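Participant:
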Amino acid sequence: MVGGKAPLYTQSRSKATGVLLGPQRLAVTVNEELEALAIKGEVAAITAGWQEREAEDEELQAALGNRAVNLMLHARSDAVGRDDPELFVAHRAKQDRLRQLQALYRGRLAHAIMAARELQAAAGDRALIESELEAAIEAIRVLDDQHLARIKGIEDEYDDAMRPQDRPVVQAHREALAEIIGRAGAVAIAGGHVVSLLTRLRLFDLAPLIAGRPILAWSAGAMCLTDRVVLFHDSPPQGQGIAEILEAGLGLFPGLVVFPHARRRLRLSDPARVALLAGRFGPAACVALDERCKVTYDGHRLCAAANTMLLDFDGLLRPMEPRCP
Amino acid sequence: MSLAIHKLLRSAPLDDAAVDRFIKRHSFPLVEGPHTTFIFRGDVEAVHLRHWVFGLGSNQAFKRIAGTDLWFLVLELPPRSRVEYKLEVHSGGHSRWVRDPLNPNLAHDPFGANSVAHAHGYETPEWVAADPEARPGSLEEFTLEKTAFGDPRRLTVYLPARFRVTRRYPLLVVHDGGDYLRFTALKTVLDNLIHRLEVAPLIVALTHPHDRLVEYANDPTHADFIVKDVLPFMEQRYPLFPAASARCLMGASFGGVASLATAWRYPGVFGRLLLQSGSFAFTDIGENRRGPAFDRVVSFVNAFREAPGRPSERVFVSCGTYESLIYENRSMVPLLQTTGMELRYEEARDGHNWENWRDRLQTALSWLFPGPLWMVYE
Chain A
70 MVGGKAPLYT
80 QSRSKATGVL
90 LGPQRLAVTV
100 NEELEALAIK
110 GEVAAITAGW
120 QEREAEDEEL
130 QAALGNRAVN
140 LMLHARSDAV
150 GRDDPELFVA
160 HRAKQDRLRQ
170 LQALYRGRLA
180 HAIMAARELQ
190 AAAGDRALIE
200 SELEAAIEAI
210 RVLDDQHLAR
220 IKGIEDEYDD
230 AMRPQDRPVV
240 QAHREALAEI
250 IGRAGAVAIA
260 GGHVVSLLTR
270 LRLFDLAPLI
280 AGRPILAWSA
290 GAMCLTDRVV
300 LFHDSPPQGQ
310 GIAEILEAGL
320 GLFPGLVVFP
330 HARRRLRLSD
340 PARVALLAGR
350 FGPAACVALD
360 ERCKVTYDGH
370 RLCAAANTML
380 LDFDGLLRPM
390 EPRCP
Chain B
2 MSLAIHKLLR
12 SAPLDDAAVD
22 RFIKRHSFPL
32 VEGPHTTFIF
42 RGDVEAVHLR
52 HWVFGLGSNQ
62 AFKRIAGTDL
72 WFLVLELPPR
82 SRVEYKLEVH
92 SGGHSRWVRD
102 PLNPNLAHDP
112 FGANSVAHAH
122 GYETPEWVAA
132 DPEARPGSLE
142 EFTLEKTAFG
152 DPRRLTVYLP
162 ARFRVTRRYP
172 LLVVHDGGDY
182 LRFTALKTVL
192 DNLIHRLEVA
202 PLIVALTHPH
212 DRLVEYANDP
222 THADFIVKDV
232 LPFMEQRYPL
242 FPAASARCLM
252 GASFGGVASL
262 ATAWRYPGVF
272 GRLLLQSGSF
282 AFTDIGENRR
292 GPAFDRVVSF
302 VNAFREAPGR
312 PSERVFVSCG
322 TYESLIYENR
332 SMVPLLQTTG
342 MELRYEEARD
352 GHNWENWRDR
362 LQTALSWLFP
372 GPLWMVYE
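Residue numbers (my numbering), protein chains in the order written: chain A, 70 to 394; chain B, 2 to 379.
(1) Taking the alpha carbon of Leu358(A) as the reference point, which residue from Leu335(A), Arg370(A) and Glu155(A) has its own alpha carbon closest?
(2) Going by beta carbon distance, what residues of the same chain come within less than 7 Å of Lys74(A), once the five residues before and after it are set aside?
(3) At a CB distance below 7 Å, what residues from the stretch 359-371 of chain B approach chain A? Give them in sequence order.
(4) My guess is that Leu76(B) and Thr125(B) are in contact by the Cβ rule of under 8 Å, so how many angstroms apart are they, rounded?
(5) Closer than 6 Å by C-beta to Arg154(B): which residues in its own chain qualify, once you throw out the five before and the five after it? Chain order, please.
(6) Rounded to whole angstroms, what's the CA-CA distance from Glu290(B) to Asn330(B)? Just pull it up for me.
(7) With DSSP run on the structure shown, which of helix, strand or coil describes Gly290(A)?
(8) Please list, in chain order, all residues of the same chain as Ala65(A) whose beta carbon is under 6 Å from its beta carbon, the five residues on each side excluded.
(9) Can you tell me which residues form a DSSP beta bridge with Ile204(B)?
(10) What is the DSSP secondary structure of Gly72(A), reduced to helix, strand or coil?
(11) Using alpha carbons as the reference points, say which of Pro277(A), Cys355(A) and Met292(A) lies closest to Arg387(A).
(12) Name the chain A residues whose beta carbon is nearer than 8 Å to that of Arg165(B)?
(13) For a contact defined as C-beta to C-beta under 7 Å, what are the partners of Arg94(A) on chain B?
(14) Go to Arg333(A), then tell me how far its alpha helix (DSSP H) extends in each direction, as first and last residue.
(15) I need the straight-line Cα distance from Phe328(A) to Ala181(A), nearest angstrom please.
(16) So who's on the other strand from Leu380(A), going by DSSP bridges?
(17) Apply the 10 Å Cβ neighbour rule to Ile40(B) and answer buried if 16 or more other Cβ atoms are within range, or exposed otherwise.
(18) Can you say whether Val174(B) is buried or exposed, counting buried as having 16 or more other CB atoms within 10 angstroms of its CB?
(19) Where does Lys229(B) sit, in a helix, a strand or coil, going by DSSP?
(20) Can the beta-carbon of Ser367(B) be found closer than 7 Å to that of Gln307(A)?
(21) Could you say if the stretch 9-26 of chain B and the stretch 53-64 of chain B meet the contact criterion of at least three C-beta pairs nearer than 8 Å?
(22) Secondary structure at Lys59(A), three-state DSSP: helix, strand or coil?
(23) Which class does Phe1(B) belong to by DSSP, given the choice of helix, strand or coil?
(24) Determine, using beta carbons only, whether Ala302(A) comes closer than 7 Å to chain B.
(25) What in chain A is Cβ-close to Leu374(B), meaning under 7 Å?
(26) Does Ser338(A) come within less than 7 Å of chain B when only Cβ atoms are used?
(27) Assuming Leu267(A) contacts Val298(A) (C-beta within less than 8 Å), just tell me the rounded distance between them.
(28) Is the Cβ-Cβ distance between Val299(B) and Thr284(B) less than 7 Å?
(29) Answer yes or no: do Val84(B) and Ala118(B) have a C-beta to C-beta separation smaller than 7 Å?
(30) Are Glu46(B) and His91(B) closer than 7 Å when you measure CB to CB?
(31) When you check each C-beta in the stretch 249-279 of chain A against every C-beta of chain B, which residues fall closer than 7 Å?
(32) Could you list the residues in the stretch 118-138 of chain B with a C-beta less than 8 Å from some C-beta on chain A, going in chain order?
(33) Decide if Phe295(B) is buried, meaning its Cβ has at least 16 other Cβ atoms within 10 Å, or exposed.
(34) With distance defined between alpha-carbon atoms, name the residue in Lys221(A), Gly384(A) and Leu106(A) nearest to Cys393(A).
(35) Since Met251(B) is in the alpha helix (DSSP H), which residue starts that stretch and which ends it?
(36) With 7 Å set as the bound, which would you pick, yes or no: does the beta-carbon of Arg168(B) sit closer than that to a beta-carbon of chain A?
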């Protein structure tokens, strides 16, 4: 919190139920979860993160027992762009501004993270260092919140000016989507390109629609459902490997920051890095969402599979509690 | 620091059994901190280490341990060095170059294979070996019947995994394509780097020269072949981004010269260049001393240094510090910077060889064609 105000990221009015899963490509578990949730009927599938490969969902169909109905959000958003060029131009201009903002934030963030890392490595009076480190982490949190506020400002400005939800072409698609989701027993959201996915979930304002159904989401799909979408990689071939906030998520699974492919993308054996992530995003639970991991939410409380690890404030990984029965 | 070989020298009795135990206990060459111990066993007259490290005496003699048939040589190698070598064994009045029989680590090139010593801190990049999780791309073979050369030319095309005609891709044109495939495991490397999202999915045109020392030495026919034969063929057949920033020329050694010379002759066509250990020989005064094969290269580089223009937009240059060409490549850096092109320069403690060029591919390609690493979570 900053200055006693409420957090600036999404506080969704809707609450969802369902399960967030680790990557599915090499270890499919979504079928087991469907069975465990006793889902009947069709499953509304969102594969917009696959972008132009959205419709190539044969493997997903097989995993979902050939009962998926692909919502085709990527294709629908292309159609919106074609049918409503004014909205398309305004949307692209907004995305350009957001990209510029992200670059500016990234520059400030690098300095703030370096300050914290220097303090983590400092030698001397621990009490003094800890106090400075706490302040340095708080500075990062303030920066993250400021970034979220600025994004929200740009998004609000765009919504006020363009009122996308009131535009006939968007409304028509949303009605069709509502009909499919309404008759589905569950919603499955696959991973992929997180911006492509989140942008389309927002364009059709799907949060209230999917909140009423059990949701199974993995990788980028899981990221989009939490409060904050954090982009991360500790060892990229270019750049410094500093996790950055992309924007607010849909907030349907609150109190979490998820890190898909954590074993591959994060240096989990480096306590300083783990502690910095946990401290920066706490009190939200920072969850390593690797293959076969899961976090379940019943609308009130979270629980996790035994293999699902939490990035803890002391830099260690611990099994996330409570465990799912 | 007491080295294992010194302990062996102090052991008593220092006999064949002691040598057997020493060899069984260690792998060779034996790396102990900055020291690397090479050994050879055999009843021969002399053993020398032959290597291609510019700046290090190229004929290092082994010592024989008295009363045994064990020969050894200790060298101090800087951290992260990678040294290719052979042993020159003198026996019966003759000498022959052989690979180190105790070292299974080999590097292959068009002339055969060398033994390789990895100094402390060097690790073969993990993205070099086939990753079972990586979706494989595919290779297609073509023959361009009518070319600027006047004869048919083979062209190999790499398509990334999950290639779609509905999508557009950047194009990488590789000189010495067959050698890159064989000696740098280029296909595996591309599969891995694209799978890891570090490099954008791209299409690669791999060319195969007939006489590289002629064609790659600023030959206008070669430049025409690339720009007027290869490029139109690729653009007609594959969905490529129609922009210079999505086209890259790449090559090593003379292939680096060919890449730069082609871009120089056709500025604005290739917005990306990857120049590995380019043979950028030049003269400030006097004659070329590298031999006739370099005459046209020197003329080109001298002309380029005089008027570089702005042949591309973004250039990655790399060179091994153990190469004789390190001076020439370092000299290119400030020159390229003056052109306004964006430049990245990387050195490694390695020689003029394919594994050096392989090891630079991650940094180079992820900078020239960055993948969606930060955005995609599958």
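Yeah, the Cβ is synthetic: ideal placement off N, Cα and C, and Gly gets one too. Since we're looking at a predicted model, the values are computed, not measured.
Facilitator: Based on what the coordinates show:
(1) Leu335(A)
(2) Confidence at Lys74(A) is low in this model, with a pLDDT of 45, below 50, so the placement of that residue is unreliable and no value is reported for it.
(3) Gln363, Thr364, Ser367, Trp368 and Pro371
(4) That belief does not hold up - the Cβ atoms of Leu76(B) and Thr125(B) are roughly 20 Å apart, past 8 Å.
(5) Leu145 and Thr148
(6) Reading the sequence as shown, one finds Arg at residue 290(B) and not Glu. The alpha-carbon atoms of Arg290(B) and Asn330(B) are separated by roughly 17 Å.
(7) helix
(8) In the structure as shown, chain A begins at 70 and stops at 394. Residue 65(A) is therefore absent and cannot be evaluated.
(9) Leu172(B)
(10) Bear in mind that the predicted position of Gly72(A) carries a pLDDT of just 37, short of 50, making it unreliable; the figure below should be weighed with that in mind. Coil.
(11) Cys355(A)
(12) Glu121 and Arg122
(13) Glu379
(14) Ala331 to Arg334
(15) 21 Å
(16) Leu386(A)
(17) buried
(18) buried
(19) helix
(20) yes
(21) no
(22) This structure leaves residue 59(A) out entirely; chain A is present only between 70 and 394.
(23) Outside the displayed range of chain B (2 to 379) lies residue 1(B), so it cannot be described from this structure.
(24) Inspection of the sequence shows that residue 302(A) is occupied by His rather than by Ala. It does: the Cβ of His302(A) has a partner Cβ on chain B nearer than 7 Å.
(25) His302 and Pro305
(26) no
(27) 6 Å
(28) yes
(29) yes
(30) yes
(31) Gly260, Gly261, His262, Val263 and Val264
(32) Glu134
(33) buried
(34) Leu106(A)
(35) Note, Met251(B): premise wrong, no alpha helix (DSSP H); beta strand (DSSP E) at Arg248 to Ala253.
(36) yes
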